[in-house]
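Peer 1:
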Amino acid sequence: MNWMAGLGLGATALGALCMYLAAPQQRWLAAPWPRWLGLSLGAVGLIGGWRALAMAALPLAATFVWLTCLMLVWAALPYLAVLIRPPRER
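Written out as structure tokens, the structure reads:
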């Protein structure tokens, strides 16, 4: 895999994580991040991730990979939170 594609996927995943941690319904932290912090860091990560993917592939292919990565991360984060929390906190 091209290193720019890996960088793009990593930045996209981190951007999605930042946005998730700012959501009021997140279950990873005791209290969500401030909304402005999570959304601004997430936007920087998502835009940077798409730019890196667009450098590694055609823009249409980069958009498809970027959206697929977003769907994967945002769908997996709630389930991972359930798996990593101790049973007494569920």
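Read in order, the letters of the sequence shown correspond to residues 624 to 713 in this note's numbering. Note that CB positions come from ideal geometry on N, CA and C, so glycine has one too. Since this is a predicted model, take the numbers as computed values, not measurements.
Roughly how many whole angstroms lie between the Cα atoms of R650 and G631?
Peer 2: Here residue 650 is taken as the residue at index 27 of the sequence shown, counted from 1. Here residue 631 is taken as the residue at index 8 of the sequence shown, counted from 1. Their backbone Cα atoms lie some 26 Å apart in a straight line.
Peer 1: Suppose you measure from the CA of V667 to the CA of G638; what does that come to, to the nearest Å?
Peer 2: Taking the first residue of the sequence shown as position 1, residue 667 is located at position 44. Taking the first residue of the sequence shown as position 1, residue 638 is located at position 15. Cα to Cα, V667 sits roughly 7 Å from G638.
Peer 1: Quick check: Q689 and G672, are their CB atoms within less than 8 Å of each other?
Peer 2: If you number the sequence shown from 1, residue 689 lands on position 66. If you number the sequence shown from 1, residue 672 lands on position 49. The sequence shown places Trp at residue 689, not Gln. Cβ atoms of W689 and G672: closer than 8 Å.
Peer 1: So, at 7 Å on beta carbons, what are the nonlocal neighbours of W697 in its own chain, with the 5 sequence-adjacent residues on each side left out?
Peer 2: The sequence position of residue 697 within the sequence shown is 74, counting from 1. Around W697: A639 and Y643.
Peer 1: Restricting to runs no shorter than 4 residues, where is the alpha helix (DSSP H) found entirely within the segment 659-685?
Peer 2: None, since the segment 659-685 contains no complete alpha helix (DSSP H) of that length.
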